[in-house]
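A short write-up of the structure that comes next.
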Amino acid sequence: NTSSGDATTWFLLANGKIMGVGANTYGQLGNGTATNSTTIVNESLGKTNWKFIASCGSSAASSGLFAIDATGALYFTGRNYHGGAGTATIILNGNVLSFTRLDTSLEFANKVSKIITRCNYCNGTSGYNASCVISTDGKAYFAGATIQYDCGNGVGGTLQYLPFTYINVPSGETVVDGQFRHNTNGD
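The sequence shown runs contiguously to residue 188 in my numbering.
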C-alpha cells in the first residue's frame, strides 16, 4: 500500500520493505537522517516483514509514519506532534529519525492489527494529532491530543496529551476497525 503526508510519500512493497521519498524534516522517511530526498530511499532498519503503514501528516508540523511488522509490533518515525505516537517511548513533539518500536512495555505488545491516525490541519494551522491502535484481541487504545470526548476515558472539555490508553468498549464487544472525525476547530 501507499501513504502520504506533508510532501512525503511512502510505499510498502510486496517484499515487506518500506521505502519513501520527499520531505524529511522530522525524520519521517525513517532513513536515519533529517535530509529531504528527491529519490526513493529505504528505511534504516532494513526490515523485510512490514505488513501495514499509516501516515500521520497533514501539515508540516505533524509528519510521521506508523508501521506494523508481521509480529504485530508497532513502530513510528517522524515527529510525535501532540503525542500522537504516545508519550511512553517518544517525547511529546520530539523527532525520531529512524523507526522506533512503541509497544514493548504496553498491553498490546506484539498484538497490533491496525493503527488509525488523525492529524488535522485546520484554519490554516496545525490541529490536534492522535492515533488509535486496534489489537488482535479486539481492544482499542487511544494516544495523543484530546479536547472533547473522543478517547473514551470519560473526560472531556480540557486539552490532554495521553499515552496509549485503553478505550473501554462495552463488555463482550470486539473492535475490528475504527475512524476519527474532526471538525474545523481541530478536534
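Think of the CB as a built atom: it goes at the ideal place given N, C-alpha and C, for glycine as much as any other residue.
Straight-line Cα distance separating residue j from residue i
{"i": "residue 36", "j": "residue 175", "result": "42 Å"}
{"i": "residue 34", "j": "residue 14", "result": "21 Å"}
{"i": "residue 177", "j": "residue 138", "result": "9 Å"}
{"i": "residue 64", "j": "residue 172", "result": "36 Å"}
{"i": "residue 143", "j": "residue 163", "result": "8 Å"}
{"i": "residue 85", "j": "residue 108", "result": "18 Å"}
{"i": "residue 68", "j": "residue 52", "result": "8 Å"}
{"i": "residue 38", "j": "residue 75", "result": "25 Å"}
{"i": "residue 106", "j": "residue 168", "result": "18 Å"}
{"i": "residue 160", "j": "residue 147", "result": "6 Å"}
{"i": "residue 11", "j": "residue 26", "result": "15 Å"}
{"i": "residue 82", "j": "residue 165", "result": "14 Å"}
{"i": "residue 97", "j": "residue 19", "result": "16 Å"}
Start and end residues, beta strand (DSSP E) containing residue i
{"i": "residue 109", "result": "It is not in any beta strand (DSSP E) - residue 109 carries neither H nor E in the DSSP assignment."}
{"i": "residue 32", "result": "Run containing residue 32: none; DSSP gives neither H nor E here."}
{"i": "residue 70", "result": "65 to 70"}
{"i": "residue 23", "result": "19 to 23"}
{"i": "residue 78", "result": "75 to 80"}
{"i": "residue 48", "result": "Segment: none, residue 48 is in no beta strand (DSSP E) and carries neither H nor E."}
{"i": "residue 144", "result": "141 to 147"}
{"i": "residue 13", "result": "9 to 13"}
{"i": "residue 171", "result": "Unbroken run through residue 171: none, as it is neither H nor E."}
{"i": "residue 43", "result": "38 to 43"}
{"i": "residue 98", "result": "96 to 102"}
For residue i, the nearest candidate out of the options (CA to CA)
{"i": "residue 101", "options": "170, 162, 44", "result": "44"}
{"i": "residue 70", "options": "83, 82, 143, 55", "result": "55"}
{"i": "residue 103", "options": "83, 78, 117, 180", "result": "78"}
{"i": "residue 47", "options": "99, 145, 38", "result": "99"}
{"i": "residue 170", "options": "179, 140, 180", "result": "140"}
{"i": "residue 57", "options": "180, 179, 130", "result": "130"}
With 16 other Cβ atoms within 10 Å as the buried cut-off, status of residue i
{"i": "residue 80", "result": "buried"}
{"i": "residue 29", "result": "buried"}
{"i": "residue 32", "result": "buried"}
{"i": "residue 50", "result": "exposed"}
{"i": "residue 41", "result": "exposed"}
{"i": "residue 118", "result": "buried"}
{"i": "residue 17", "result": "exposed"}
{"i": "residue 126", "result": "Reliability fails at residue 126, whose pLDDT of 43 lies under 50, so the model's placement of it is uncertain and no value is given."}
{"i": "residue 9", "result": "buried"}
{"i": "residue 179", "result": "exposed"}
Is the number of C-beta pairs between the segment 133 to 143 and the segment 93 to 113 that are closer than 8 Å three or more? Yes, they touch.
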